[in-house]
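According to the working numbering, the sequence shown is numbered sequentially starting from 684.
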Amino acid sequence: MYRGEKAKMGLHQDRDEAALDAPVLSVSLGDTCVFRVGGYERRDKSKSFRLSSGDVLVLGGASRLRFHGVDRIIPGSSQLVEGGGRLNLTLRRVRNV
Ligand SMILES: O=C(O)CCC(=O)C(=O)O
Ligand SMILES: [Fe+2]
Numbered sequence: 684m685y686r687g688e689k690a691k692m693g694l695h696q697d698r699d700e701a702a703l704d705a706p707v708l709s710v711s712l713g714d715t716c717v718f719r720v721g722g723y724e725r726r727d728k729s730k731s732f733r734l735s736s737g738d739v740l741v742l743g744g745a746s747r748l749r750f751h752g753v754d755r756i757i758p759g760s761s762q763l764v765e766g767g768g769r770l771n772l773t774l775r776r777v778r779n780v
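And the structure:
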């Protein structure tokens, strides 16, 4: 849950999962966010774009280990969450089965 103008998530890689071959799916609900995706090193060039409510982002294949993060939320951009805010559901395979 992200709420308020200061809510953000710094650039990181999702690499704690044992299954790095399975994609990570991120579902955005509520307020729009400014999402940033870079390369495979923190210092690589990155680009930002908006994710609105209902958008699904896939980090998979060659992009599975790209650095990514949330720069900021755009308060008031959705009425879905009471009191405002952004909900993010991230689906990932943590263990190999
Ligand atoms: O909030 C998001 O869309 C991204 C979340 C994320 O990168 C994570 O949980 O690892
Ligand atoms: Fe992540």
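Just so you know, even glycine gets a beta-carbon here, dropped at the ideal spot from N, CA and C.
Quick one: any contact between the region 739-754 and the region 715-725, if contact means 3 or more CB pairs under 8 Å?
yes
Any heavy atom of ligand 1 closer than 8 Å to the CB of D714?
no
Distance between V780 and D727 (C-alpha atoms, nearest Å):
Taking the straight line joining both Cα atoms gives about 33 Å.
Mind listing which residues have their beta carbon within less than 6 Å of any non-hydrogen atom of ligand 3? Chain order is fine.
Within the structure as shown, ligand 3 is missing, the only ligands being ligand 1 and ligand 2.
By how many angstroms is the C-alpha of V739 removed from the C-alpha of T773?
10 Å
For S746, does the three-state DSSP call read helix, strand or coil?
helix
Have a look at D714, E700 and E688 and flag the residue whose alpha-carbon is nearest the alpha-carbon of E765.
Closest by alpha carbon: D714.
Could you check whether P706 and G737 sit closer than 9 Å to each other, using their CB atoms as the reference points?
Contact: no.
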